[in-house]
Ligand code: FNR
């Protein structure tokens, strides 16, 4: 039987009979307020902030309000099945954790990547581990338990280094490689500019580089003896403005499923298909990279249509179980969250992440129960534009 995620609410109500209240907030707003209080101000700004005046970041969230799920009665949806198949992997739910490059800083002990991987192990929700990590990818992967993990590649300009990172990901047991395309340079982020704060330039979350034999071979002195030299070399090789001509090379790096993150235009989807990519990941980086864009959710239907059956991962603006269902109804194969679990991590380490993931899944599951959708396939016919919604 597929897991019934909604049962989380019974655990909480039963604990309440013993006078025990949930350790962590039950709403996104509560998580955000708690994380703001828990994190140093510069880390909070970096995680919560986005590009420009953050219009696109807000649009990502408000776009979900223009859609609604229509209930069906007398369906008796006693059992719900949220399982999905992704690249031959059978996952208990369509939820995943988007790559977040400062998890190390979000956790009180500095090891947020490991804590997040442990939350993946406990929930079955896959983590896409960022290239930017406070612990090496091998140590992150060792915490996944039976849950598959995916590796997110920021492709360096040094091709041998790129190849080494991907080889290490394969050897460490990652099950797919996600290449992020929208961040070869950093977008204009006023909050971080105002504090002149960019964590990696301060040496944070570079463990995948400093542990890499190719990266180390390029340095005059070891990163342990000359941390500044390592940071300088990192900033020199980090951003690679890839072109379509680079895709055959990227494809040649691995036999693992290869996905492209940041794909929002149907023509780009078609070109990715032609290049033998295994899936596209529709995302605008949570509004952190380019302001002035449409909500990612509004771009999803055209991406799905162009994908023509190719898996489509989605993130940007997902804040609730209802949002997860709406993205699925618009054709996403799997749906990611970024800030929500980063806030859970800031508040409660691995347990905080588990709470956030279980809450998202419980809400999604209970909406399916109440609204009479036993299976994810029932969602597409349940979605309507809200009256008065724009566009
Ligand atoms: C990110 N994101 C990101 N993406 C990526 O491919 N590699 C990375 O290292 C990071 N780092 C990162 C740091 C922080 C602090 C945030 C908030 C986000 C983007 C992330 O994968 C995802 O696209 C967004 O977070 C999704 O939007 P929401 O859920 O945060 O609205």
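Numbering (this note's numbering), first residue to last: 384 to 774. The C-beta atom is built at its ideal place from N, Cα and C for all residues, glycine as well. Owing to the predicted nature of the structure, the values given are computational and were not obtained by experimental measurement.
Query                                                                                                                                                                 : Result
Here's a check: name, in chain order, each residue in its chain whose Cβ is nearer than 6 Å to the Cβ of residue 586, leaving out the five neighbours to either side. : 610, 614
May I ask you to check if the CB of residue 671 is nearer than 8 Å to at least one heavy atom of the ligand FNR?                                                      : yes
From the DSSP output, in three-state form, read off residue 568 for me.                                                                                               : coil
The alpha helix (DSSP H) spanning residue 653 covers which residue range?                                                                                             : 649 to 657
Going by beta carbon distance, what residues of the same chain come within less than 7 Å of residue 539, once the five residues before and after it are set aside?    : 545, 620, 621, 623
Which residues bound the alpha helix (DSSP H) around residue 397?                                                                                                     : 391 to 400
Looking at the structure shown, is residue 775 part of a helix, part of a strand, or coil, going by DSSP?                                                             : Residue 775 lies beyond the range of the chain shown here (384 to 774); nothing can be said about it.
Go through its chain and collect everything with a Cβ distance to residue 506's Cβ below 7 Å, but skip five positions before and after it.                            : 737, 740, 741
Would you mind stating whether residue 678 and residue 442 have Cβ atoms separated by less than 9 Å?                                                                  : yes
Closer than 6 Å by C-beta to residue 521: which residues in its own chain qualify, once you throw out the five before and the five after it? Chain order, please.     : 555
Please state if the CB of residue 750 and the CB of residue 688 are separated by a distance shorter than 9 Å.                                                         : no
Buried or exposed for residue 461, going by 16 or more other Cβ atoms inside 10 Å?                                                                                    : exposed
Under the assumption that residue 694 contacts residue 469 (Cβ atoms under 8 Å), give the Cβ distance between them as a whole number of angstroms.                    : 6 Å
Would you mind sorting residue 526 into buried or exposed? The rule is 16 or more other CB atoms within 10 Å of its CB.                                               : buried
Closer than 8 Å to a non-hydrogen atom of the ligand FNR - does that hold for the CB of residue 515?                                                                  : yes
Spatial neighbours of residue 630 within its chain, please: C-beta separation below 7 Å, excluding the five flanking residues on both sides.                          : 658
Sorry if obvious, but does the Cβ on residue 549 come closer than 8 Å to a heavy atom of the ligand FMN?                                                              : The ligand FMN is absent from the structure shown, which contains only the ligand FNR.
Counting C-beta neighbours from all protein chains within 10 Å, is the total for residue 450 16 or more, i.e. buried, or is it exposed?                               : buried
Going along the chain, which residues of its own chain have a beta-carbon closer than 7 Å to the beta-carbon of residue 491, five neighbours each way excluded?       : 732
Measuring only from the beta carbon, is residue 717 closer than 8 Å to any heavy atom that is part of the ligand FNR?                                                 : no
What ranges does the alpha helix (DSSP H) occupy inside the stretch 414 to 498, keeping only unbroken runs of at least 4 residues that lie completely in it?          : 424 to 431, 438 to 445, 486 to 489
Could you tell me how far apart the beta carbons of residue 674 and residue 402 are, in whole angstroms, since I believe they sit closer than 8 Å?                    : Wrong, their Cβ atoms sit about 47 Å apart, outside the cutoff.
Here's the rule: buried if 16 or more other CB atoms are within 10 angstroms of the residue's CB, otherwise exposed. What is residue 756?                             : buried
Nearer than 8 Å: is that true of the beta carbon of residue 496 relative to any heavy atom of the ligand FNR?                                                         : no
Measuring straight from C-alpha to C-alpha, what distance separates residue 774 and residue 681?                                                                      : Only weak support is given to the placement of residue 774: the predicted model assigns it a pLDDT of 45, under 50, and the value that follows is read from those uncertain coordinates. Going from the Cα of residue 774 to the Cα of residue 681 covers about 9 Å.
Hey, is residue 566 close to the ligand FNR, as in C-beta under 8 Å from one of its heavy atoms?                                                                      : yes
Which of helix, strand or coil does DSSP assign to residue 530?                                                                                                       : coil
Roughly how many angstroms separate the alpha carbons of residue 686 and residue 456, rounded to a whole number?                                                      : 32 Å
Taking only the alpha-carbon atoms, compute the straight-line gap between residue 481 and residue 696 and give it to the nearest angstrom.                            : 10 Å
Which ranges would you report for the alpha helix (DSSP H) in the stretch 601 to 629 if only whole runs of at least 4 residues count?                                 : 610 to 620
In terms of residue numbering, what span does the beta strand (DSSP E) encompassing residue 662 cover?                                                                : 662 to 665
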